[in-house]
């Protein structure tokens, strides 16, 4: 592989080096996790779509959150499973950019949807009389549209302004990370830096907005027992999902940006996988168990499916 930027066709991912002795059990475990991700997310998605009583803002946002979880993990697990059974761990130039695009657009959409869910809870608790006039179907469609489009647009702009690369070896990672791809650039343009700072500012604004909504919700809940009960029932699942997302993000930041040379490769791989494993599994489980309507509908759906199988057998 030559370093000339005109002949770069693949990137080398060295994070899986040394896993040959236990690649089969690791493959089986990873495949199981991927199947669980699809099972729990599809269950919640189908339940919300089929049951018209769940066609409310919070459940619509939750449905999109689960769809996004499937979208994001599909950008990683199929390739990762192939790499586990392959003696070489390479990814094409285009494939690497596509994988990074899917993973980071999914993370951006995840955060945007969680911010929308925080706003939904804020209106429901702090302005209950205005809820139906504020959270109209038209506004929900607009909110969801921008939650999906903005991460795609920001990453697309970042991609088309990327500079030429002067290397093909990405050290100690198991998937393409923007931070390492950026480090392979021959030079850094001012436009790329401006866009990067705009992206950070955009999502930092999300974080400030979520904190602001929770401050007002907590203030409102302290005045009323009814609001406190509503907060525990509907906001606690969202708060848990948000916590999982933030913790996963911190793992990713520590793994890619703060350096982890003193950690074993297995620990580094776990830190990388944590962001792609826990949120897509935990989110539907949190809402499935915590929200009574979702839980009852899933139980009804499962029992109905069992009856169908009994009748057909």
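Numbering (the working numbering), first residue to last: 89 to 401.
For every residue, glycine included, the Cβ atom is placed at its ideal position computed from N, Cα and C.
In whole angstroms, what separates the C-alpha of residue i from that of residue j?
i	j	result
residue 98	residue 200	32 Å
residue 339	residue 395	44 Å
residue 281	residue 237	22 Å
residue 242	residue 298	21 Å
residue 310	residue 302	12 Å
residue 387	residue 247	44 Å
residue 323	residue 227	21 Å
residue 159	residue 166	12 Å
residue 122	residue 161	8 Å
residue 181	residue 269	11 Å
residue 296	residue 174	44 Å
residue 183	residue 319	43 Å
residue 290	residue 109	44 Å
residue 93	residue 170	Here the model assigns residue 93 a pLDDT of 45, short of 50, so the residue's position is not dependable, and the following value carries that caveat. Those two C-alpha atoms are separated by around 27 Å.
residue 245	residue 321	40 Å
residue 328	residue 113	31 Å
residue 144	residue 330	20 Å
residue 118	residue 354	14 Å
residue 277	residue 176	33 Å
residue 189	residue 240	8 Å
residue 342	residue 312	40 Å
residue 116	residue 139	34 Å
residue 225	residue 272	45 Å
residue 196	residue 285	15 Å
residue 229	residue 287	23 Å
residue 294	residue 120	33 Å
residue 235	residue 198	8 Å
residue 381	residue 135	10 Å
residue 314	residue 126	36 Å
residue 279	residue 216	44 Å
If you measure between the beta carbons of residue i and residue j, is that distance less than 8 Å?
i	j	result
residue 124	residue 374	no
residue 150	residue 128	no
residue 55	residue 142	Residue 55 lies beyond the stretch modelled for the chain, which goes from 89 to 401, so this question has no answer here.
residue 208	residue 305	no
residue 194	residue 152	no
residue 202	residue 333	yes
Could you pull out every residue in the same chain whose Cβ sits closer than 6 Å to the Cβ of residue i, ignoring the five residues on either side in sequence?
i	result
residue 154	129, 132, 133 and 372
residue 205	149 and 326
residue 111	172
residue 391	none
residue 219	211 and 212
residue 137	none
If you reduce the DSSP assignment to three classes, tell me which class residue i lands in.
i	result
residue 224	coil
residue 164	coil
residue 265	coil
residue 101	strand
residue 68	Outside the displayed range of the chain (89 to 401) lies residue 68, so it cannot be described from this structure.
residue 174	coil
residue 352	coil
residue 277	coil
Skipping 5 residues on each side, what residues in its chain have a beta carbon closer than 7 Å to that of residue i?
i	result
residue 336	362, 363, 366 and 367
residue 192	243 and 266
residue 262	101, 103, 104, 168, 357 and 360
residue 214	304, 305 and 308
Grab me the residues of residue i's own chain with a C-beta within less than 8 Å of its C-beta, minus the 5 sequence neighbours each way, in chain order.
i	result
residue 187	163, 164, 167, 179, 263 and 264
residue 352	none
What is the C-beta distance between residue i and residue j, in whole angstroms, given that I count them as a contact (C-beta under 8 Å)?
i	j	result
residue 223	residue 232	That pair is no contact at about 12 Å.
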